[in-house]
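Asks: Could you have a look at this structure, given as structure tokens, before my questions?
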Amino acid sequence: MTEQVGRINIFEKTVEYFLSPILPFLRDPGVAEVMINRYDEIYIEKAGKLIKTDAKFSDHSAFMAAVNNVLQYTGKRLTSDSPLVDARLPDGSRVHVVLEPLARFGTCMAIRKFNKVVFDAQNLVSLGSWTPKAAEYIQCCALAEKNILVSGGTSSGKTSLLNVISSFIPETERIVVIEDSSELDLQQDHVVSLESRPADRWGRGEITISDLFKSSLRLRPDRIIIGETRGGEALDMIQAMTSGHSGSMSTLHANTALDTLNRLETLAMMNSIEMPLHALRGQIASAVDVIVQVSRFNDGKRGLTQISEVLPLTDQSRYAVQDIFALEFDEHGGRTLVATGTPSRFADEPKIKALNGIWALSKDIFAPKQ
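Its first residue numbered 0, the sequence shown is counted upward by one per residue in numbering that gives the first Met the number 0.
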């Protein structure tokens, strides 16, 4: 263990040395991402805004030395056969590199910083990202083992929000987390974290999210959390959700709740298992219970825009949702997430009824049907 820690410390020091031109940005907690378009053109994202900096590497060779040093930390190489590489810095920050000539103006690298600040539900209330009532509703859904998808655009805060929602899972449950690159930071004690692996330079040894998902079902999980659903593993997840593994969570790139279901359908069709479209749609509508939509606004702030429950398919075999919360704007452009007044379709379910002791704000949402 001591030898491993020493090795990590050495890598940290060498990475800091080679990345010295951007080190101030990596240490600045207000910077979310560092984007190096080429050795002398560097942008950062701060407070949700893109800013061009004066920083630069001394030349292209110095930048490539930094890139190769970062990749060395995770045992990866950038070659003409592998011109697109994902890696990670010693602090957990995620790195993506594109080698020239795929990057026309020179090799480029983006560093998505690992957020050391762990947000909780109250933090999001203070930031205006959601309301106490919305947080309580989501907490009830999580405790009642509803399957929840967090959807949104790139850099909209999906992972951070999933972290917060996962905090509602009881400490007594066993959680299996599956990710391409480890970003989630769950606070529970009993967490098994699995990470996919790309093929080596000879095309061997690849372990996909789908492989890990199938493996996770044999690890006796109470909950399965997939950092991001982006391929054929969507079908595996859907089938698991409908066959006893309730309470699963994941994120997805989509702009609305209905878009999320259509996107999930498209991803599921990437699986090698073929399924009639009507049957697939029926499984999706049955599997997904709640969709939480998050967005990044023009002012750089992030917040929830929609919390929706998934309804059964329509007579025309189309998806349908009902908004429980939706974003409203006032005449001055202010934003507020408000309850729509639509009662939850889960109100009469035993698991929801058993939670009425925690209701303080959302009693009207979970009021039993008359």
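Backbone N, C-alpha and C define an ideal beta-carbon position, used for all residues, glycine too.
#1: Would you report the Cα separation of arginine 384 and phenylalanine 167, rounded to the nearest angstrom?
#2: Whole alpha helix (DSSP H) runs in the segment 121-168 with 4 or more residues, listed along the chain?
#3: Using three-state DSSP, classify asparagine 36 as helix, strand or coil.
#4: CB-CB under 8 Å to valine 4, same chain, minus the five flanking residues each way: which ones, in chain order?
#5: What is the DSSP secondary structure of glutamate 2, counted as helix, strand or coil?
#6: Isoleucine 35 to leucine 83, Cα distance in whole Å?
#7: Quick one: any contact between the segment 240-247 and the segment 152-165, if contact means 3 or more CB pairs under 8 Å?
#8: For glycine 281, I'd like the list of residues in its chain whose CB is within less than 7 Å of its CB, leaving aside the five on either flank, ordered along the chain.
#9: Work out the CA separation of asparagine 114 and arginine 295 for me, nearest whole Å.
#10: Should alanine 278 be flagged as near chain C, meaning a C-beta pair shorter than 8 Å?
#11: Which one or two residues does DSSP pair with alanine 64 in a beta bridge?
#12: Which partner residues of glutamine 187 appear in the DSSP bridge assignment?
#13: Quick check: what's the CA-CA separation for glutamine 138 versus phenylalanine 17?
#14: For phenylalanine 328, count the other beta carbons within 10 Å of its own beta carbon; 16 or more makes it buried, fewer makes it exposed. Which is it?
#15: Report the residue from Thr304, Thr171, Ala359, Asp27 whose alpha carbon sits nearest the alpha carbon of glycine 127.
#16: Going straight from the alpha carbon of arginine 301 to that of valine 293, what length do you get?
#17: Going by Cα to Cα distance, which pick from Arg103, Ala86, Phe104 is closest to valine 96?
#18: Alpha carbon to alpha carbon, how far is threonine 52 from glutamate 40?
#19: Start and end of the alpha helix (DSSP H) containing histidine 277?
#20: Per DSSP, what kind of secondary structure is aspartate 370 in: helix, strand or coil?
#21: Can you look up isoleucine 177 in the DSSP assignment and give me helix, strand or coil?
#22: Helix or strand or just coil, what does DSSP make of glutamate 327?
#23: Do valine 163 and phenylalanine 118 have their beta-carbon atoms positioned less than 8 Å apart in this structure?
#24: Whose C-alpha, out of Ser271, Pro275, Leu279, is nearest the C-alpha of leucine 263?
#25: Comparing the CB of aspartate 210 with every heavy atom of the ligand MN, is any distance shorter than 7 Å?
#26: Quick one: is glutamate 2 buried, meaning 16 or more other Cβ sit within 10 Å of its Cβ, or exposed?
#27: Does the beta-carbon distance from isoleucine 208 to isoleucine 174 come in below 8 Å?
#28: Suppose contacts are defined by Cβ-Cβ distances below 8 Å. Is lysine 132 in contact with leucine 360 by that definition?
#29: Hey, how far is the Cα of glutamate 170 from the Cα of arginine 344?
#30: Which residue's Cα is closest to the Cα of histidine 391: Gly226, Gly91, Met240, Lys350?
#31: Can the beta-carbon of glycine 231 be found less than 8 Å from the beta-carbon of methionine 274?
#32: Can the beta-carbon of isoleucine 364 be found less than 8 Å from the beta-carbon of alanine 338?
#33: According to DSSP, is methionine 248 helix, strand or coil?
#34: Closest by CA to tyrosine 38, which one among Asp258, Gly105, Val309?
#35: In the DSSP output, which residue or residues are listed as bridge partners for glycine 302?
#36: How long is the line joining the alpha carbons of glycine 204 and lysine 350, rounded to whole angstroms?
Replies: Here's the rundown:
#1: Because the chain here runs from 0 to 369, residue 384 falls outside it and cannot be looked at.
#2: 131-142, 157-165
#3: strand
#4: With a pLDDT of 45 at valine 4, under the threshold of 50, the modelled position of that residue is not reliable, and the figure given next carries that caveat. None.
#5: In this prediction, glutamate 2 scores a pLDDT of 47, lower than 50, which makes its location untrustworthy; the coordinate-derived value is nonetheless stated afterwards. Note: glutamate 2 maps to helix in three-state DSSP.
#6: 15 Å
#7: no
#8: Leu312
#9: 17 Å
#10: Judged by its chain identifiers, the structure shown contains no chain C, having just a single protein chain.
#11: DSSP, once it has assigned bridges, lists no residue as partnering alanine 64.
#12: The partner list for glutamine 187 (beta bridge, DSSP) is empty, contrary to what the question assumes.
#13: 44 Å
#14: exposed
#15: Thr304
#16: 7 Å
#17: Ala86
#18: 8 Å
#19: 276-286
#20: The structure shown does not extend to residue 370, since the chain spans only 0 to 369, so no value can be given for it.
#21: strand
#22: strand
#23: yes
#24: Leu279
#25: The ligand MN is absent from the structure shown, which contains no ligands of any kind.
#26: Because glutamate 2 sits at a pLDDT of 47, beneath the cut-off of 50, its placement in the model cannot be relied upon, and the following sentence gives the value as read from the coordinates. Exposed, since its Cβ has fewer than 16 Cβ neighbours within 10 Å.
#27: no
#28: yes
#29: 27 Å
#30: Since the first and last residues shown for the chain are 0 and 369, residue 391 lies out of range.
#31: no
#32: yes
#33: strand
#34: Gly105
#35: Ser294
#36: 42 Å
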